[in-house]
Amino acid sequence: MRVLVMAAGSVGGYFGGVLAKGGNEVKFVARNENLAQIKANGLVVQSATTGSFVVESADAVDSLDGDWQADLVLFCVKSYHNEVAIEQMKPAIGPNTTILTLQNGLGSADELSATFGEDAVMLGAAYVEAERSSPGVFAEHGGTCRIVFGERDGSWSERGLNILKTFNGAGIECILSDDVSATLWTKLVFISALSGITCICRSSMVEALGNPSTADLTLRILEETTNVGRAAGVIIPTDMAQTTMAQFQRDKA
């Protein structure tokens, strides 16, 4: 499968590297020192899950000229780069290209659909503890390492099954979801509370959850986010706030 990684940050660099190692034709969009290091030394993956390796002669570029079209785009730039990234990747998008957004939050699919059409876009969530440890070097630290994705209508489409087969064949744990909206909201609930409370308190999760008042505030953030999701029509388990809080407490310990 021809895969465009937009772009080679922590998520794109890691998953794109694994796909390239698995025999797929992967093109990485990168820039500055990251681009220079990948072109000079290959794309380096240091992974607790898939093992460490180097994608020699990795195809890394800072622009696309239209001579190459992707079967699949992994869209995983930071959301504040969306406008530039969408414009930049246009030459690689053909009538049969699937764009899989792995961004956190809920809005990127709408931005992509406005440009490329709703049928071109699939929704997904990446669960991985990864970082770009230095230019051209991508580290994955173990634990949960998974992609969950799906069609908006929940169908198991032919393209979805092909992507699933490609990911699994490369050694990436992947799930084709029949309710990807719930998947995105579940991750949003988690991130909203955890990021919110640590930013508000300017402290670690351990410190925030170790204080009764901020632990209670964390639970209320979880409850508020799940209530918003239900009001939007998403099927969210009634005990999600409580089970997520329990997970936080286990992780803290």
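Letter by letter, the sequence shown follows residues 10 to 262 in my numbering.
For every residue, glycine included, the Cβ atom is placed at its ideal position computed from N, Cα and C.
Shown here, C183 sits in a strand according to DSSP, grouped into three states. Assigned with DSSP and collapsed to three states, Q97 falls in helix. Excluding five sequence positions before and after A79, the CB atoms of its chain that fall closer than 6 angstroms to its own CB belong to R11, L13, A101 and T106, given in chain order. In the three-state reduction of the DSSP assignment, E160 falls in the coil class. Per DSSP, T107 is one residue of the beta strand (DSSP E) stretching across T107 to T110. Distance from I245 to W194 at the Cβ level is roughly 6 angstroms; contact confirmed, criterion being Cβ atoms closer than 8 angstroms.
For S122, the enclosing alpha helix (DSSP H) begins and ends at S117 to F125.
A distance below 9 angstroms separates the beta carbons of V70 and A39.
Nearest C-alpha to G133 among N113, P104 and T223: N113. Secondary structure in the region 56 to 97: the beta strand (DSSP E) runs of 3 residues or longer, each lying completely within the stretch, are 62 to 64, 68 to 70 and 81 to 84 in chain order.
DSSP places V146 within a strand segment (E or B) once states are collapsed to three. Pairing I172 with F158 gives a Cβ-Cβ distance under 9 angstroms.
Note that the C-beta distance between F37 and D76 is not below 9 angstroms.
Judged by pairs of C-beta atoms under 8 angstroms, the region 193 to 209 does not touch the region 140 to 156, as fewer than three such pairs exist.
With fewer than 16 other Cβ atoms from the protein chains shown falling within 10 Å of its own Cβ, G32 counts as exposed.
In the structure shown, R11 adopts extended strand secondary structure according to DSSP, grouped into three states. Annotation: G51 to V64 spans about 5 angstroms, alpha carbon to alpha carbon. The beta carbon of R168 lies closer than 6 angstroms to those of T107 in the same chain, with the five residues before and after it left out. Under the three-state reduction of DSSP, E140 is assigned to strand. Per DSSP, the beta bridge partners of L52 are V64.
Among the bridge pairs identified by DSSP, F37 is matched with V14 and A69.
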